[in-house]
Amino acid sequence: MAQETQNPPPPQEVPPVVDPVPLDNAPTTEPQPEPQPEPETETQEKVQAAVEDKISESVSFKEETNVVGDLPEAQKKALDELKKLVQEALNKRELTAPKPPAPEPEKKKPDTAKEPEVAAGEAEKKEPEGAAEEAKKEVELTEEKKEIEVKEETKEVEVTEEKKDVEVTEEKKDVEVTEEKKDVEVKEEKKEIEVTEEKKEVQVTEEKKDVQVTEEKKEVEVTEEKKEVEVTEEKKEVEVTEEKKEEEVKEEEKEVVEATEAKEAEEELGPEEVEIWGIPLLADERSDVILLKFLRARDFKVKDAFSMLKNTVRWRKEFGIDALVLEDFGTDWDKVVFTEGHDKQGHPVNYNVFGEFENKELYNKTFADEEKRNKFIRWRIQVLEKSVRSLDFSPTAISTIVQVNDLKNSPGLGKSNLRQATNQALQLLQDNYPEFVAKQIFINVPWWYLAFSRMISPFFTQRTKSKFVFAGPSKSAETLFKYIAPELVPIQYGGLSREGEQEFTTSGPVTEVTIKPTTKHAVEFPVSEKSHLVWEIRVVGWDVSYGAEFVPSTEDGYTVIVQKNRKIAPADETVISNGFKIGEAGKVVLTIDNQTSKKKKLLYRSKTKAIAE
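So for the sequence shown, the working numbering puts the first residue at 54; every next one is plus one.
Written as structure tokens, this is what we have:
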């Protein structure tokens, strides 16, 4: 007896996929009636349904060739130009050199050579001005003394004349009484007293002026001493400035010598050798594959691609990637990100399970503070680095991966620490791991993801966004099966791959069948000889009835019930494995009865084992 050969049907063409758009922006061809208020739950269900409706409109990204001979001429030219720039940088040993610091703005230095001259000129100008002031003051004193002498002479003349007048009056008026003579004498005495007082005032004034002159001379002397001190200090400053200039010149000469010696040493060492992801740059055709990634990430703009390559090489050195790969981060995050199987084109598949952070203990252990977030980011980069290093960079090989992002039970938008760490990691990965993702598949997308996708959209280039595929909870398994064979999809995502020793391995092909609503479907395994038939079956989402029986080929044979017909609820979703030892020709018939209003995805496979005699 021979087993029925049932190869899986060829994969269907992937329908276009686009980023989800808000429902209120969807184009309409006719006016819509004003909607009535709906309960929140019903609204969420409708939004979720709309999200899943959009999935069928997505666009599949197609990878370009890495064989240089198959590239368009413009891209070949860009690759050659980039290789020349890389070779020049390697020859000068500049590719891994740290980024030079930004130059500081130059400060205007004072012209120290002219300062002493200016100061000396001012001093010379001030000296004659001081002498002129002293001479002027002496002339003023002399004039004042002359005026005082003239006043005294004038007064003496007046006194003499008055005396003469008195004598004439005395001679003429001898007959005047004695009292008048006394009055005259009193007047004369008063005048003499006044003259004496005036002389004393003049003397006091002269003494004051002498004191002022002495003080002014002292001030002039102090000013001259200060000027001499300033000149001395300026000379010292000039000497210090000259010494600094000499030191700067010596340092510049030293730097020139060191640069020359370094250049000579570089020439002796030869071109720099740089590896990235384990591939030496410009060593062979695998390097071309890497350079093409940077060119594609920058739309084949050679200078931009070269700048990105230099930044990546420097970042890898500063971040310590080679040491990071060897670090032990424990097992706390093993279920958060893991690699399992490959897609239908051979790309390794990485799974990112955000729902694991629903565990508060794990969440706090990962995002409670900056140190923990940085540790998580380093671990995330380590995971990707290991995945990339496992790739084959030959031009005809697979050098990209597929990422599946499970948003079921994701903490959501409210967790700012998770969002911050995720965005930071995404930015690092996009800047330093260009064109390593062939496809980003988002599954179990919740109703609020429309807003979330808008928020993260600015972090991606248009080329990156063209690789995105979105699927709601009811379409997640179906979407994964478009890109990944069911036998390689983990059991928690609707596939048959599971841990532990199993009857079937991931190499065993699986047949996919879509069961229409309210219909029955029968699967037959013909057996023509004595053998042991084993099979496994799964209906994604179950909620169907399942039974199995053996029907012999002879007309008078009896049908044997292998599995009594029973209803399998969604909560019982699992893989059912059965076996039946057959002693005569016949067939095993599996019956699946779908009485729901939804299509169901059926997966099954079988094999026969010989029975020992």
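By construction, the Cβ of each residue, glycine as well, lies at the ideal position given by its N, Cα and C atoms. Please read these numbers as outputs of a predicted model, since none were measured by experiment.
Going by other Cβ atoms of all chains shown within 10 Å of its Cβ, with 16 needed for buried, is residue i buried or exposed?
i: alanine 184; result: Legend: pLDDT at alanine 184 = 48, less than 50; position of this residue unreliable, no value from coordinates given.
i: proline 92; result: The pLDDT assigned to proline 92 is 46, lower than 50, so where the model puts this residue is not dependable; a value taken from the coordinates is nonetheless given after this. Result: exposed.
i: valine 309; result: exposed
i: proline 401; result: buried
i: lysine 620; result: exposed
i: glycine 323; result: exposed
i: alanine 530; result: buried
i: lysine 653; result: buried
i: alanine 131; result: buried
i: asparagine 427; result: exposed
i: glutamine 456; result: buried
i: lysine 346; result: buried
i: serine 650; result: exposed
i: aspartate 387; result: exposed
i: arginine 658; result: buried
i: glycine 639; result: buried
i: alanine 624; result: exposed
i: aspartate 445; result: exposed
i: valine 282; result: exposed
i: serine 550; result: buried
i: isoleucine 664; result: exposed
i: tyrosine 611; result: exposed
i: lysine 297; result: exposed
i: proline 69; result: Per-residue confidence for proline 69 stands at a pLDDT of 32, beneath the threshold of 50, marking its modelled position as unreliable; the derived number appears in the next sentence. The residue is exposed, with fewer than 16 neighbouring Cβ atoms inside 10 Å.
i: glutamine 515; result: exposed
i: valine 668; result: Nothing about residue 668 can be read from this structure; the chain reaches only from 54 to 666.
Quick one: grab the DSSP three-state call for residue i.
i: valine 291; result: helix
i: glutamate 314; result: helix
i: arginine 367; result: helix
i: glutamate 659; result: Rather than glutamate, the amino acid found at residue 659 in this sequence is serine. DSSP places serine 659 in strand when its eight states are reduced to three.
i: asparagine 119; result: coil
i: isoleucine 621; result: strand
i: lysine 129; result: helix
i: lysine 653; result: strand
i: valine 593; result: coil
i: glutamate 259; result: helix
i: leucine 138; result: helix
i: isoleucine 664; result: coil
i: alanine 350; result: helix
i: alanine 358; result: helix
i: isoleucine 343; result: helix
i: aspartate 375; result: helix
i: leucine 143; result: helix
i: lysine 240; result: helix
i: alanine 150; result: coil
i: threonine 276; result: helix
i: leucine 533; result: helix
Can you tell me which residues form a DSSP beta bridge with residue i?
i: threonine 644; result: Ala575 and Gly600
i: glycine 632; result: Val587
i: proline 605; result: Gly639
i: asparagine 329; result: The residue you asked about is not asparagine; residue 329 is isoleucine in the sequence shown. DSSP lists Ile332 as partners of isoleucine 329.
i: isoleucine 614; result: Glu602
Considering Cα atoms alone, identify which of the options is closest to residue i.
i: proline 562; options: Val542, Ile568 and Glu552; result: Val542
i: lysine 439; options: Thr392, Lys243, Lys297 and Glu554; result: Thr392
i: serine 443; options: Phe489, Asn405 and Thr627; result: Phe489
i: phenylalanine 603; options: Leu586, Val587, Val641 and Arg591; result: Val641
i: aspartate 341; options: Gly632, Glu414 and Val120; result: Val120
i: lysine 461; options: Ala524, Leu481, Gly600 and Glu380; result: Ala524
i: glycine 548; options: Arg591, Leu586 and Lys152; result: Arg591
i: glutamine 616; options: Ala601, Glu608 and Ser452; result: Ala601
i: isoleucine 434; options: Phe407, Ile451, Met361 and Ala376; result: Ala376
i: valine 378; options: Lys413, Phe407, Arg431 and Thr419; result: Arg431
i: glutamine 648; options: Lys569, Pro579 and Lys136; result: Lys569
i: leucine 471; options: Trp500, His395 and Val406; result: Val406
i: valine 327; options: Leu143, Leu655, Glu126 and Asn417; result: Leu143
i: proline 499; options: Ser527, Phe513, Ser560 and Thr571; result: Ser527
i: threonine 475; options: Lys271, Glu241 and Phe429; result: Phe429
i: aspartate 396; options: Leu335, Lys136 and Thr559; result: Thr559
i: threonine 45; options: Arg367, Leu362 and Glu556; result: Residue 45 lies beyond the stretch modelled for the chain, which goes from 54 to 666, so this question has no answer here.
i: glycine 383; options: Trp368, Ser463 and Val436; result: Val436
Whole alpha helix (DSSP H) elements within the segment 381-465, 4-residue minimum: Taking 4 residues as the minimum length, the alpha helix (DSSP H) runs contained wholly in the segment 381-465 are 413-420 and 423-442, in order along the chain.
Those runs of the beta strand (DSSP E) which lie wholly inside the segment 539-582 and span at least 3 residues: The qualifying runs are 564-568 and 572-580.
Runs of alpha helix (DSSP H) wholly within the segment 469-525 (minimum 4 residues, chain order): Taken in chain order, the unbroken stretches of alpha helix (DSSP H) that lie wholly in the segment 469-525 and span 4 residues or more are 469-485, 502-509 and 515-518.
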